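One structure is given below, encoded as structure tokens.
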Amino acid sequence: MKYETVIGLEVHVELLTCSKLFCGCPNSFAADPNQNICEVCLGFPGTLPRLNARAVELALKALLALNCEIASYSWFDRKNYFYPDIPKGYQISQYFVPLGSRGYLELPNDDGEARHVGIKQIHLEEDAGKLVHGPSGTYSLVDYNRAGVPLIEIVSEPDLRSPVEARRYLEGLKSILQYSRVSDCKMEEGSLRCDANISLRRQGSGEYGEKVELKNMNSFKAVEKALEFEVQRQANLLDTGESISPQTRRWEEEREETVLMREKLESHDYRCFPDAELAPINVTEAELERLRQELPEMAASRASRYIDEYGLPGYDAEVLTSSLDLSEYFEASLEHYFNPKKISNWIMSEYLMHLNTEGKNPWETGLTPEHLGVLVKMVDEEVISGKIGKEVLEKTLHTGKSPEEIVEEEGLNQISDQEELAAMVEKVINNNPGPVADYKNGKKKAMGFLVGQVMKETGGKANPQVVNQLLSEHLE
Amino acid sequence: MSAFDAKEKVRQKKIKARELIESILTRRKDTENLNSYISIFKETALSKAEDLDKKIEQGEQPELTGLALSLKDDLCWAQGKTTAGASALDNYFPSFSSAPAEKLHKSGAVVIGKNNLDQWSMGTTTRTSSYGVTLNPWDQSRVAGDGAAAAVAAGSAHLGLGSDTGGGVRRSASYCGVLGLRPTPGRVSRHGLINFSPSFSQVGVLARKPEDLSLALDEISGVDSRDASTSAGPSQYIKDIPEKGLIAAYPREIFEQLDQEHAKILQETIDLFSQTGITFEEVELRDFSLGVQAYYIIASAEASSSLSRYDGIRFGSAYPADELDEWYFRTRSQTFGVEARRRSVMGTAYLNEQNYQRYYSKALQVRSMVKEELFKALKGRHLLILPAVPSVAPGLEDQSHFLNEYQQDCYCSPVSLAGLPALSVPAGRLEHLPLGLQLVGIPFSENLLIEVARRAGIETAEFPS
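Same order as they appear, the protein sequences are chains A and B.
All letters in the first sequence, in the order written, are residues 1 to 476 by my numbering.
All letters in the second sequence, in the order written, are residues 1001 to 1465 by my numbering.
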């Protein structure tokens, strides 16, 4: 490719606070229209915004997790523009001094080298409401539930060099913000939104090309696809000697292409100035230290630890660190039975399937990390068979009863006793002359059938290895 | 009757609260032509007065028992509409009340009505109000500044709460011959105040006697979680005021700008202060006179933003159009009066990218300069005295350029820029028209300013006939 792709992303993330940024209204998704509203977030004359301290804390956590420099003194500004979804005719944002700046995110590269993607700034601001348009422009309705929800805007440096890298950056950002419990980052619910700026330049050129802004991508995959489309579109234009005009383009998911929204003739003048209705934000080193202590070890570090120290395959490490909850659950299970690969297998094969179907997080079922540890240990020590183990897991999930209790109550202990099993084996041989003959005539497959019959007789409790061994002895 | 005297009489059972409120309502009726009220709460006021009388019978003694309080109509009061003088808010019935009004109400004050004001409090005369002009009680061919000052002067309220951005409370007090206090920013909660310029707007008090101000200020001061700017002061409000040795800064050149007659009248009050033992020391104020321009630039810039919410979608009558921009244009052109339009347009212009440095940033610089200068003048001194206004209340028919009207705030608005508390006290009359003198103090020294006025025996003694 003779062009280098230059991408910068602007990501808006809703903070996981209970209430809005400047009032006590609930910050929750999917309420009926205009239920989460009050005089303050509707900008009623005579009301004043009151800053939600928790929102500042969460923003600071994000800044710490993203290695930002933090302004010890900053304030809110009014960003003025007219649109029905902003109740006051201005958005309260941070224009002059963002809370954080000059951070970075480390991305794993294909060659295994970590790469720094610069974060230009992160600032705190309030979200706008939503317009709902009637058929063919007959009317528009406004829903202010989202108006005043706390957001941070994360502006990256133009450091990303490919659509794939842009997607990885978003995944990395999401993981860090979720681990920090700053945001749930659900793009489908709009708690993470991403606009992309992209330009091409000749390989080796020091100057940036004319950039195009892309909007309306509803998933990370869509961001990647929109950027891929745009790389092609711009390259084709440049190849034919045409110039790129600065535009805002819209990603059309169905058509899989970007379409022109508007030419960027001049940048909008928001006439920003400090909002004297709010006190400045002072951040102390003591507060930062406290918040630093609250941050967990992030996914990337955990994953490499799982690989290096626990000897897990890369795939396992990736799955187990896909959320902080799962990773913490995994580590808690190890405290009860330290066999990382076995625990990992049980989580990845049995437990995750259940969690995914139920839409639960690992801590929300009857299966505690202790239960899982004990269960896997019982299987390992052949107290129960793997098959019984799966049944026990299922029961523990739903009842919260410990695996020992279930095994005890239901008499599920695995039968490995040679004498006890020998009687069963004899019985099965006597009752199944056909398959026995088949086996003796060289149809080794018949063995499977016979083992199955013994298992059936014992209600699945027989130790399959012992049964195999006994059957072989009897039939030879 | 002053607020202090009124509540004392009720507490000592010399008069029933109901009788007191009835007499105030009668006085209001008799002075109706002043147009000082937009709303009157006759029934609720009388029934509250009756409740108070019952409490007094039962031996309770609420602090402000029975005094009649009126509120400038940019202070929300949950009992009726709050218009801010703007027809766009004619159907605005807030569900909450101004914090200081609520506090006075809880202490036994009876809210009797809402006072007229300029549209969104932008103007100096009430001529921009959607509810007509308020007449000056001392001369009905002249303006009053606002309805709260007119009501307190005319005796249709014992106490008024008003708002002071570039001088609202102090200017109106001067025009009407009453006391008007602008407290230090942060002393009184602004929750429930419809402000157009958060950098400057404060809730102030209008009264007839210094004691009335102390009474009110004690009740309304304090931290309010609903207003982030409130504070308890550096350590506490200044309370210990020395008997002797008070020093006042006196900017001679500023007083020399006044008409001779005007200056002479103020001098008599200054002499009164001297007689109470205050020493006057001359200071020079160079940047002070730039203040009014800086004030109007910043206040207009903020107004252009604060008024954006009146777009006909939630507030005000809508003038719908197919295109959104046209909707905004029509609605705002129709519902905004001339001053609101002017400040929206000018404020927008000051904040535009091409003007920002030249106007807005410059004005902020001037603000720092004026602040520094006034703090310097107050260094080692207890107060600074200034004229309140450059002239007596203008005539109703006086047609002057808006810039001349802005000049009415030339002595008040620099004090707003500096964030200092100021008290305008009645200081004699030019013919029959009152004039005010401004006492300015360091932050949170309101009690000192009030005490200085008390020692000099300053009060509004009589009623206009």
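The beta carbon of each residue, even a glycine, is placed where N, CA and C say it ideally should be.
Values in this document were obtained by computation on a predicted structure and should not be read as measured data.
Residue range of the alpha helix (DSSP H) that includes A/S472: Counting from one through the first sequence, the residue named residue 472 of chain A turns up at place 472. Here the alpha helix (DSSP H) through A/S472 covers P464 to L475.
Can you list, in chain order, the residues of its chain whose CB lies under 7 Å from that of A/S333, leaving out five sequence neighbours each side? Position 333 of the first sequence, counted from the first residue, corresponds to residue 333 of chain A. So the list reads I343, P369, L372 and G373, once near-sequence residues are dropped.
List, in order along the chain, the chain A residues whose C-beta lies closer than 7 Å to that of B/E1102? Locating residue 1102 of chain B in the second sequence gives position 102, counting from the first residue. The contacting residues do not exist; B/E1102 stays about 12 Å from chain A at best.
Determine the burial state of A/M353: buried for a count of at least 16 other Cβ atoms within 10 Å of its Cβ, exposed for fewer. Reading the first sequence from its first residue, position 353 is the one you call residue 353 of chain A. Exposed: under 16 other Cβ atoms inside 10 Å.
Let me confirm a value: B/A1154 is counted as buried when at least 16 other C-beta atoms fall within 10 Å, else exposed. Which label applies? Working through the second sequence from its first residue, we reach residue 1154 of chain B at position 154. That one is buried.
Proximal residues of chain B, C-beta to C-beta of A/D269 below 7 Å: Counting from one through the first sequence, the residue named residue 269 of chain A turns up at place 269. Simply N1352 and E1353.
Alpha carbon to alpha carbon, how far is A/F229 from A/R255? Give it in angstroms, no decimals. To locate residue 255 of chain A, count along the first sequence from 1; it is residue 255. To locate residue 229 of chain A, count along the first sequence from 1; it is residue 229. Looking at the two C-alpha atoms, the distance is approximately 11 Å.
Please confirm if B/R1190 has its CB atom under 9 Å from at least one CB of chain A. Reading the second sequence from its first residue, position 190 is the one you call residue 1190 of chain B. Closer than 9 Å: yes.
Give me the Cβ distance between B/G1180 and B/A1149, rounded to the nearest whole Å; I'm assuming they're in contact under 8 Å. Translated into positions along the second sequence, residue 1180 of chain B becomes position 180. Translated into positions along the second sequence, residue 1149 of chain B becomes position 149. Their Cβ separation, rounded to whole angstroms, is 7 Å, which keeps B/G1180 and B/A1149 in contact under 8 Å.
Mind checking if A/A279 is an interface residue toward chain B, Cβ cutoff 9 Å exclusive? Taking the first residue of the first sequence as position 1, residue 279 of chain A is located at position 279. True, the Cβ-Cβ gap to chain B drops below 9 Å.
Leaving out five residues before and five after A/S327 in sequence, what residues of the same chain have Cβ atoms less than 8 Å from its Cβ? Position 327 of the first sequence, counting from 1, holds the residue named residue 327 of chain A. For A/S327, where only same-chain residues beyond five positions count, the Cβ hits under 8 Å are A299, R302, L320 and T321.
Counted within 10 angstroms of its Cβ, other Cβ atoms place A/N282 as buried (16 or more) or exposed: Position 282 of the first sequence, counting from 1, holds the residue named residue 282 of chain A. It counts as exposed.
Go to A/W251, then tell me how far its beta strand (DSSP E) extends in each direction, as first and last residue. Taking the first residue of the first sequence as position 1, residue 251 of chain A is located at position 251. Per DSSP, A/W251 belongs to the beta strand (DSSP E) from Q247 to E252.
Would you please state the rounded distance, in angstroms, between the beta carbons of B/F1041 and B/G1080? I believe it to be under 8 Å. Stepping through the second sequence from its first residue, residue 1041 of chain B is reached at position 41. Stepping through the second sequence from its first residue, residue 1080 of chain B is reached at position 80. So it is a contact: roughly 6 Å between Cβ atoms.
Could you pull the start and end residues of the beta strand (DSSP E) that A/K215 belongs to? As a working mapping, residue 215 of chain A is identified with position 215 in the first sequence. Note, A/K215: beta strand (DSSP E), V212 to K215.
Cut-off 6 Å between Cβ atoms - residues of its own chain near A/N27, not counting five sequence neighbours on either side: Along the first sequence, one-based indexing puts residue 27 of chain A at 27. Excluding sequence neighbours, A/N27 sits near T17, S19, K20 and V149.
B/R1190: which of B/A1099, B/A1232, B/W1120 and B/L1246 sits nearest, CA to CA? Residue 1190 of chain B sits at position 190 when you count from the first residue of the second sequence. Residue B/A1099 is the option with its Cα nearest to B/R1190.
Name the chain A residues whose beta carbon is nearer than 9 Å to that of B/I1313? What you label residue 1313 of chain B is simply residue 313 of the second sequence in a count that begins at 1. In chain order: P84, P87 and V142.
Give a yes or no on whether the minimum CB-CB distance between B/F1096 and chain A is below 9 Å. Taking the second sequence and counting its residues from 1, one reaches residue 1096 of chain B at position 96. Yes - at least one Cβ of chain A is within 9 Å of the one on B/F1096.
Close Cβ partners of A/E408 (< 6 Å) along its chain, the five nearest in sequence each way excluded: Position 408 of the first sequence, counted from the first residue, corresponds to residue 408 of chain A. None.
Start-to-end residues for the alpha helix (DSSP H) that takes in B/I1021: To locate residue 1021 of chain B, count along the second sequence from 1; it is residue 21. That run of the alpha helix (DSSP H) goes A1017 to D1030.
Compare the C-alpha of B/R1343 against each of B/V1169, B/L1403 and B/T1065 and name the closest. Indexing the second sequence from 1 puts residue 1343 of chain B at position 343. Cα-wise, what sits closest to B/R1343 is B/L1403.
Proximity test, Cβ basis, 9 Å: B/S1163 and chain A: Position 163 of the second sequence holds residue 1163 of chain B. It does not: the Cβ of B/S1163 has no partner Cβ on chain A nearer than 9 Å.
Step through the CB atoms of chain B and report whether any lies within less than 9 Å of the CB of A/A128. Position 128 of the first sequence holds residue 128 of chain A. It does not; no Cβ of chain B falls within 9 Å.
Run down chain A in chain order and give the residues with a C-beta less than 9 Å from the C-beta of B/A1340. In the second sequence, counting from the first residue as 1, residue 1340 of chain B sits at position 340. Chain A residues near B/A1340: none, gap ~13 Å exceeds 9 Å.
Along the chain, where does the beta strand (DSSP E) that runs through A/Y270 open and close? The residue you call residue 270 of chain A lines up with position 270 of the first sequence. Run containing A/Y270: none; DSSP gives neither H nor E here.
Suppose the cutoff is 8 Å on Cβ atoms and the five residues either side in sequence are ignored; what does the same chain contact list for A/I37 look like? Start at 1 with the first residue of the first sequence, and residue 37 of chain A comes out as number 37. Around A/I37: C25, Y144, N145 and A147.
Quick one: does B/P1414 have its CB under 9 Å from some CB of chain A? As a position in the second sequence, residue 1414 of chain B is number 414, starting the count at 1. False, the Cβ-Cβ gap to chain A never drops below 9 Å.
Taking its Cβ as the centre, do 16 or more other Cβ atoms sit within 10 Å of A/Y482, making it buried, or is it exposed? Here chain A has residues from 1 to 476 only, and residue 482 of chain A is not among them.
Give the C-beta separation of B/P1094 and A/G43 to the nearest angstrom, bearing in mind that I take them to be a contact with Cβ-Cβ under 8 Å. Position 94 of the second sequence, counted from the start, is the residue given in the question as residue 1094 of chain B. Position 43 of the first sequence, counted from the start, is the residue given in the question as residue 43 of chain A. So it is not a contact: roughly 12 Å between Cβ atoms.
Taking contact to mean at least 3 C-beta pairs separated by less than 8 Å, is the region 1342-1360 of chain B in contact with the region 1294-1310 of chain B? yes
Who does A/Y549 pair with in a DSSP beta bridge? Residue 549 of chain A is absent from the structure shown; chain A starts at 1 and stops at 476.
By the DSSP assignment, the beta strand (DSSP E) with A/A332 in it spans what residues? As a position in the first sequence, residue 332 of chain A is number 332, starting the count at 1. Where A/A332 is concerned, there is no enclosing beta strand (DSSP E), although the alpha helix (DSSP H) it sits in stretches over L324 to L334.
Using only alpha-carbon positions, find the residue among B/T1134, B/V1452 and B/A1388 that is nearest to B/N1035. As a working note, residue 1035 of chain B is residue 35 in the second sequence. Taking only the C-alpha atoms, the option nearest B/N1035 is B/T1134.
When we look at the beta-carbon of A/T399 and count the other beta-carbons within 10 Å, is it buried (16 or more) or exposed? Within the first sequence, numbered from 1, the residue matching residue 399 of chain A stands at position 399. Classification for A/T399: exposed.
Three-way DSSP call (helix, strand, coil) for B/N1355 in this model: In the second sequence, the residue the question calls residue 1355 of chain B occupies position 355. B/N1355: coil per DSSP, three-state reduction.
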